[in-house]
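Trainee: Just so we're aligned, residue 1 is where the sequence shown starts under full-length UniProt numbering, counting upward by one. From the three backbone atoms N, C-alpha and C, an ideal C-beta is built for every residue, glycine too. Note that the structure is predicted; figures quoted are calculated from it, not measured. Below is the structure I would like to discuss, written out as structure tokens.
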Amino acid sequence: MSESILYVVATPIGNLADISERALTVLRSVDLIAAEDTRHTRQLLMYFTINKPLFSVHDHNEHQRVEKVLADLASGLSIALVSDAGTPLISDPGFVLVQAVRQAGFKVVPVPGPCAMVAALSAAGLATNRFCFEGFLPAKSSGRKKQLQTLLNEPRTMVFYESPHRIVECLNDLQAVFGPDRLLTLARELTKTFETILSGSIEQIITWVQADPNQQRGEFVLVLAGAPEQEESESLQIAAEQVLKLLLEELPVKQAAALTAKITGQKKNALYQQALALQSDN
């Protein structure tokens with residue numbers, strides 16, 4: 001690697017066979033490897049017989065490492081950034097570093113590969129045309145519920161990460177906010193020996209997890225169905241139209257539409273257009 005490039009390299013989330021040929025080529029070719037945990041990454045490199053200088057970049061030292069990385073790149077070195085598992089920056093360190101490197105004018109090259117969020121979505125059986133990733137929720141139940149409340153009417157599929165010592169509490173909070181019937185997929189220990197993927201209502205998932213302590217161990221991805229889209233029923237539309245017709249006999253279009261909206265809960269703009277159409281028909 002003759003260029004000054006920061007490679008963002010995805011590594012396996014469990015099964016080491018998931019590492020890509022390109023990732024191995026990059027790790028063997030760069031001058032330095034920036035790792036979230038050098039001990040963890042050293043084991044990965046040893047497995048693939050790769051011997052490269054390592055230095056740490058984690059949540060507690062990332063800002064301090066920026067100067068070193070920029071200096072190394074300025075001197076012509078190439079660097080690979082890896083996390084403990086999966087794709088760096090996805091609920092892992094690296095944002096501060098990547099932002100600084102790009103602002104300094106150096107190339108940042110992604111080397112895509114495993115990601116627990118994507119793996120869980122692909123097997124969840126829930127809508128994936130639109131989704132939002134929320135990462136780890138707050139550790140305390142009060143903060144967790146508060147954040148979940150903001151997502152109550154989110155129509156997209158939602159993805160969360162959770163740790164084993166909070167999984168039961170988190171599931172209970174999901175049920176408290178979204179109700180027992182919302183569909184949920186729990187993906188545990190993805191690509192590892194004891195991989196489990198459970199799908200059902202939140203209530204069913206809680207029952208299964210509480211009944212088997214083994215399902216409370218490991219790393220979790222929770223994939224929650226979005227809020228069902230609210231469709232106006234035909235009967236409500238008919239009722240709104242009847243109210244609108246009656247009010248139009250006594251009131252101007254704008255006032256009739258506004259008052260109908262208050263009475264029926266239907267959208268004012270749509271009622272206003274409907275009122276104009278009714279008047280033109282008459």
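Pick out whichever of Leu186, Val177, Leu32 has its Cα sitting closest to the Cα of valine 159.
Mentor: When only C-alpha atoms are compared, the closest one is Leu186.
Trainee: Using the three-state DSSP reduction, which class does serine 4 fall into: helix, strand or coil?
Mentor: Residue state, collapsed to three classes: coil.
Trainee: Using 8 Å as the cut-off, classify the Cβ of arginine 102 as near or not near the heavy atoms of the ligand NAD, replying yes or no.
Mentor: Within the structure as shown, the ligand NAD is missing, as the structure has no ligands at all.
Trainee: Tell me which residues share the same chain as glycine 76 and place their Cβ nearer than 7 Å to its Cβ, disregarding the 5 neighbours each side in the sequence.
Mentor: Same-chain partners within the cutoff: Ser4.
Trainee: Please specify which runs of the alpha helix (DSSP H), each continuous and at least 4 residues long, are wholly inside the region 212–251, giving them in chain order.
Mentor: Qualifying alpha helix (DSSP H) stretches, in chain order: 234–248.
Trainee: Going by Cα to Cα distance, which pick from Leu184, Lys192, Leu97 is closest to alanine 225?
Mentor: With distances taken between Cα atoms, alanine 225 lies closest to Leu184.
Trainee: For the alpha helix (DSSP H) that serine 199 lies in, which residues bound it at each end?
Mentor: Careful: serine 199 lies outside any alpha helix (DSSP H), inside the beta strand (DSSP E) at 196–201.
Trainee: Given this structure, state the Cα-to-Cα distance separating phenylalanine 106 from aspartate 31, to the nearest angstrom.
Mentor: Whole-angstrom Cα-Cα distance: 16 Å.
Trainee: Put threonine 191 into one of helix, strand or coil per three-state DSSP.
Mentor: It is coil, neither helix nor strand.
Trainee: Per DSSP, which one or two residues make a beta bridge with proline 110?
Mentor: DSSP lists Val8 as partners of proline 110.
Trainee: Starting from isoleucine 263, trace the alpha helix (DSSP H) both ways and give me its first and last residue.
Mentor: 253–264 is the span of the alpha helix (DSSP H), which, as asked, contains isoleucine 263.
Trainee: Would you be able to state if there are at least three C-beta pairs under 8 Å between the region 130–148 and the region 236–256?
Mentor: These segments do not touch.
Trainee: Just to check my reading of the structure: alanine 256 and alanine 275 have Cβ atoms closer than 8 Å, yes? What is that Cβ distance to the nearest angstrom?
Mentor: About 6 Å separates the two Cβ atoms, so the contact holds.
Trainee: Once the 5 residues before and after residue 348 are set aside, which same chain residues still bring their CB inside 7 Å of it?
Mentor: Since the first residue shown for the chain is 1 and the last is 282, residue 348 is missing from the structure and cannot be characterised.
Trainee: Among all the DSSP beta bridges, which residues are the ones paired with serine 56?
Mentor: In DSSP, serine 56 forms a bridge with Ala35.
Trainee: Check whether the region 153–168 and the region 127–136 are in contact - that is, three or more C-beta pairs closer than 8 Å.
Mentor: They touch, by the three-pair rule.
Trainee: Quick one: using the 10 Å Cβ neighbour count with 16 as the cut-off for buried, is tyrosine 7 buried or exposed?
Mentor: Looking at its Cβ environment, which holds 16 or more other Cβ atoms inside 10 Å, tyrosine 7 is buried.
Trainee: Skipping 5 residues on each side, what residues in its chain have a beta carbon closer than 7 Å to that of leucine 271?
Mentor: Correct list, in chain order: Ala240, Leu244, Ala257, Thr260, Ala261.
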